[in-house]
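What follows is a set of notes on a single structure, which appears directly below.
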Amino acid sequence: MNYQNNPEFAKSLDAKDKLKSYRQRFHFPKQKDGSQKLYFCGNSLGLEPKNTGDYIDEVIEDWRTYGVDGHTDAEYPWMPYHEFLAKPMAKIVGAKESEVIIMNTLSVNLHLMMVSFFRPTPKKRKILIEADAFPSDLYGVQSQLKFHGLDPEKDLILWQPDQDQYYNISDFDQLIDAHKDEIALVLIGNTNYYTGQFFDMAHITQKCKLHDITVGFDLAHGVGNINPDLHQLGVDFAVWCTYKYLNSGPGSLGGCFVHEKHHSNKHIPRFEGWWGHNKTTRFNMRQAFDPINSAEAWQLSNPPILSMAAVRASLDVFDEAGFNNILEKSKKLTGYLEFLLNDLEDDNIKIITPKNPEERGCQLSIRFLDSDKSFFEKLTKAGVVADWREPQVIRIAPAPLYNSYEDVFNFVKLLKHIRYAG
Ligand SMILES: Cc1ncc(COP(=O)(O)O)c(C=O)c1O
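Residue numbers for the sequence shown follow the working numbering, beginning at 23 and rising by one.
Here's what the structure looks like:
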């Protein structure tokens with residue numbers, strides 16, 4: 023057996039890990055016997071940081087103490103509360119503070135962005151999306167097409183993956199070259215929720231710009247997991263959620279990026295609400311809508327501070343740990359998982375996530391060619407929290423902030439036991 027495939031080796035990696043103390047700062051679900059579950063589901067719902075309760079309690083306490091004056095008098099006043107989130111959030115998505123806003127939830131934000139940035143003309147009216155996009159994104163683009171009187175059958179172009187679910191960028195290029203005069207919007211779910219493939223955002227954005235095509239990304243599986251460098255690449259817009267790798271709690275708020283090149287354009291159509299209006303005159307009431315010169319202009323309502331407190335708690339942990347450290351560990355941790363799986367030398371186990379670490383985040387999607395869901399259920403019973411996606415795929419996402427090398431080792435050990443001994 024390879025010396026790396028050994029619990030002592032996994033422990034030695036943990037001992038050297040700069041981020042090892044962060045594991046203690048999260049609540050792990052427990053098994054009946056009180057032992058910690060092996061949690062690998064940060065791609066669905068991240069674990070609760072232990073500081074979350076305090077941040078929420080602080081808002082509750084301020085509400086109790088100040089009533090309505092909490093908007094201005096609380097230590098973290100509610101009026102500008104979303105502004106406290108913009109800086110740490112911007113670092114994670116590679117944006118300027120003014121380009122980022124935490125608001126609503128992902129699918130809502132996607133629609134708001136398409137209201138502004140999907141402006142079809144009779145000729146340039148199509149949307150291109152990856153074929154296996156998350157269903158909500160597909161419903162979003164299909165319903166936007168219908169909303170504009172267009173036909174989703176004809177006006178939606180699907181970028182197809184190969185037989186291994188891998189999306190080749192050359193196929194994307196060919197689609198753009200063939201339809202460049204008809205495509206108004208490219209919307210890509212980056213990182214792909216099913217395979218964990220991270221598409222080449224620089225290439226996609228550049229190609230779209232060449233042909234005057236608006237480009238947006240759904241970063242639900244990317245945010246906190248890869249560095250999307252949104253500003254530098256010149257992406258038009260992006261949306262994401264904060265409940266996966268950003269650990270902000272079930273159904274928590276979404277994030278939105280609008281490139282600054284669009285901020286001062288007063289002609290961009292948008293759905294308007296009072297929280298997008300110029301802050302200095304917002305309370306004068308009855309004035310014509312005067313959009314804030316930032317991504318804040320897309321806000322509609324005054325925000326839910328209790329939910330924002332959970333986002334602030336989580337972003338503070340992220341900021342303290344340092345996003346580059348998180349990304350660095352992520353590559354090593356996922357690489358270790360990949361190594362251990364490959365070391366099984368089992369022809370019926372196929373990792374469908376790209377091998378190249380630059381083309382993925384922390385998730386590995388593993389296809390078990392000879393197993394059905396009962397195998398996954400046995401893993402679950404043994405204390406593994408992961409998810410099953412038809413057909414035959416288990417997604418495992420070791421999250422660098424709270425997973426250890428030993429977790430990864432123990433997962434593969436359990437998998438081996440169930441597969442070959444049980
Ligand atoms: C890739 C992707 N897009 C969109 C969504 C929908 O998110 P929401 O329910 O927050 O709108 C999800 C949810 O998991 C997702 O994974």
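The beta carbon of each residue, even a glycine, is placed where N, CA and C say it ideally should be. Since the model is a prediction, treat every value here as computed from it, not as a measurement.
*Please classify G56: is it buried, with 16 or more other beta-carbons within 10 angstroms of its beta-carbon, or exposed?*
In the sequence shown, residue 56 corresponds to position 34, counting from 1. G56 should be labelled exposed.
*Compare the C-alpha of N247 against each of W410, G92, S352 and name the closest.*
Position 225 of the sequence shown, counted from the first residue, corresponds to residue 247. Closest option to N247, Cα to Cα, is S352.
*Is I374 helix, strand or coil by DSSP?*
The count along the sequence shown starts at 1 and reaches residue 374 at position 352. I374: coil per DSSP, three-state reduction.
*Alpha carbon to alpha carbon, what distance is there between D193 and L232?*
Translated into positions along the sequence shown, residue 232 becomes position 210. Translated into positions along the sequence shown, residue 193 becomes position 171. So the two alpha carbons sit approximately 17 angstroms from each other.
_Limits of the unbroken beta strand (DSSP E) element including D409_ = By 1-based counting over the sequence shown, the position of residue 409 is 387. First-last of the beta strand (DSSP E) with D409: 409 to 411.
*Going by other Cβ atoms of all chains shown within 10 Å of its Cβ, with 16 needed for buried, is F433 buried or exposed?*
In the sequence shown, residue 433 corresponds to position 411, counting from 1. Buried, since its Cβ has 16 or more Cβ neighbours within 10 Å.
*Report all residues from its chain with a CB closer than 7 angstroms to the CB of H118; omit the five preceding and five following residues, and keep chain order.*
Start at 1 with the first residue of the sequence shown, and residue 118 comes out as number 96. The amino acid at residue 118 is misidentified as His; the sequence shows Lys. Here the set comprises A112, H253, E282.
*Does ligand 2 have a heavy atom nearer than 7 angstroms to the CB of D240?*
As for ligand 2, it is missing from this structure, which binds only ligand 1.
*Check the DSSP bridge columns for D240 and list the partner residues they point to.*
By 1-based counting over the sequence shown, the position of residue 240 is 218. D240 is bridged to G211, V261.
*Backbone secondary structure at I388 - three-state DSSP*: Your numbering for residue 388 matches position 366 in the sequence shown. Three-state DSSP puts I388 in a strand.
*On the DSSP bridge assignment, give the partners of Q219 in chain order.*
By one-based count along the sequence shown, residue 219 stands at place 197. R382, per the DSSP bridge assignment.
_Per DSSP, cross-strand counterpart(s) of Y61_ = Residue numbering aside, residue 61 sits at position 39 when the sequence shown is read from its first letter. V407, per the DSSP bridge assignment.
*Short check: CB of G357 to CB of P379, under 8 angstroms?*
Counting from 1 along the sequence shown, the entry for residue 357 is found at position 335. Counting from 1 along the sequence shown, the entry for residue 379 is found at position 357. Against a cut-off of 8 angstroms, the Cβ pair of P379 and G357 comes out as a contact.
_Can you list, in chain order, the residues of its chain with a C-beta nearer than 8 angstroms to that of K288? Leave out the 5 residues immediately preceding and following it._
As a first step, residue 288 must be located in the sequence shown, where it is residue number 266. Excluding sequence neighbours, K288 sits near P313.
_Y97 - DSSP class collapsed to helix/strand/coil_ = Indexing the sequence shown from 1 puts residue 97 at position 75. According to the sequence provided, residue 97 is Glu. The question's Tyr does not apply to it. The answer is coil: DSSP assigns E97 none of H, G, I, E or B.
*Run of the beta strand (DSSP E) containing M13, from where it starts to where it stops*: Examination of residue 13 is not possible in this model, given that the chain is present from 23 through 444 alone.
*According to DSSP, what are the bridge partners of L180?*
Sequence index remark: in the sequence shown, residue 180 carries index 158 (1-based). I151.
_Any heavy atom of ligand 1 closer than 7 angstroms to the beta-carbon of H133?_
Sequence index remark: in the sequence shown, residue 133 carries index 111 (1-based). Incorrect: H133 has no Cβ contact closer than 7 angstroms to ligand 1.
*Start-to-end residues for the alpha helix (DSSP H) that takes in V137*: For the purposes of this step, residue 137 is taken as residue 115 along the sequence shown, with counting starting at 1. V137 -> alpha helix (DSSP H) spans 128 to 139.
_If you measure between the beta carbons of L275 and S329, is that distance less than 8 angstroms?_
In the sequence shown, the residue the question calls residue 275 occupies position 253. In the sequence shown, the residue the question calls residue 329 occupies position 307. Against a cut-off of 8 angstroms, the Cβ pair of S329 and L275 comes out as a contact.
*Give the straight-line distance between the Cα atoms of K145 and V163, rounded to the nearest whole angstrom.*
On the sequence shown, residue 145 is found 123 positions in, with the first residue counted as 1. On the sequence shown, residue 163 is found 141 positions in, with the first residue counted as 1. Answer to the nearest angstrom: the Cα atoms are 18 angstroms apart.
*Mark L308 as exposed unless 16 or more other C-beta atoms lie within 10 angstroms of its C-beta, in which case mark it buried.*
As a working mapping, residue 308 is identified with position 286 in the sequence shown. The sequence shown places Arg at residue 308, not Leu. By the neighbour-count rule (16 or more Cβ atoms within 10 Å), R308 is not buried but exposed.
*By DSSP, does H299 sit in helix, in strand, or in coil?*
If you number the sequence shown from 1, residue 299 lands on position 277. Strand at H299.
*Measuring CA to CA, which of K54, D394, P29, F239 is closest to G277?*
If you number the sequence shown from 1, residue 277 lands on position 255. Out of K54, D394, P29, F239, F239 has the C-alpha closest to the C-alpha of G277.
_Where K395 sits in the DSSP three-state scheme_ = Sequence index remark: in the sequence shown, residue 395 carries index 373 (1-based). Here K395 sits in helix by DSSP.
*asked:* Between the alpha carbons of I418 and Y61, how many angstroms are there, rounded?
replied: The residue you call residue 418 lines up with position 396 of the sequence shown. The residue you call residue 61 lines up with position 39 of the sequence shown. Rounded to the nearest angstrom, the two C-alpha atoms are 9 angstroms apart.
*With contact counted as at least three CB pairs below 8 angstroms, one residue from each stretch, are the stretch 182 to 200 and the stretch 122 to 133 in contact?*
no
*Cα-Cα, which of M135, I151, R292 is closest to W262?*
Taking the first residue of the sequence shown as position 1, residue 262 is located at position 240. When each option's Cα is compared against that of W262, the closest is M135.
*Strand pairing of E70, partner residues [DSSP]*: Taking the first residue of the sequence shown as 1, we reach residue 70 at position 48. DSSP, once it has assigned bridges, lists H49 as partnering E70.
*Alpha carbon to alpha carbon, what distance is there between A310 and L355?*
Locating residue 355 in the sequence shown gives position 333, where the first residue counts as 1. Locating residue 310 in the sequence shown gives position 288, where the first residue counts as 1. Each residue's alpha carbon lies about 53 angstroms from the other.
*asked:* Is the beta carbon of A331 closer than 8 angstroms to that of I149?
replied: Looking up residue 149 in the sequence shown gives position 127. Looking up residue 331 in the sequence shown gives position 309. No, the Cβ-Cβ distance between I149 and A331 is not below 8 angstroms.
*Compare the C-alpha of V415 against each of P422, Q385, E428 and name the closest.*
Taking the sequence shown and counting its residues from 1, one reaches residue 415 at position 393. Ranking P422, Q385, E428 by Cα distance to V415 puts Q385 first.
_Just verifying my parser: in three-state terms, what is the DSSP assignment at P110?_
For the purposes of this step, residue 110 is identified with residue 88 of the sequence shown, where counting begins at 1. Helix, per DSSP.
_Opening and closing residue of the alpha helix (DSSP H) in which G276 lies_ = The residue labelled residue 276 in the question sits at position 254 within the sequence shown. It is not in any alpha helix (DSSP H) - G276 instead sits in the beta strand (DSSP E) that spans 276 to 280.
_Beta-carbon proximity of F390 to N370, cut-off 8 angstroms_ = For the purposes of this step, residue 390 is taken as the residue at position 368 of the sequence shown. For the purposes of this step, residue 370 is taken as the residue at position 348 of the sequence shown. Yes, they are a contact pair.
_Residue interval of the alpha helix (DSSP H) (run including V415)_ = Sequence index remark: in the sequence shown, residue 415 carries index 393 (1-based). Segment 415 to 418 is the beta strand (DSSP E) holding V415; no alpha helix (DSSP H) there.
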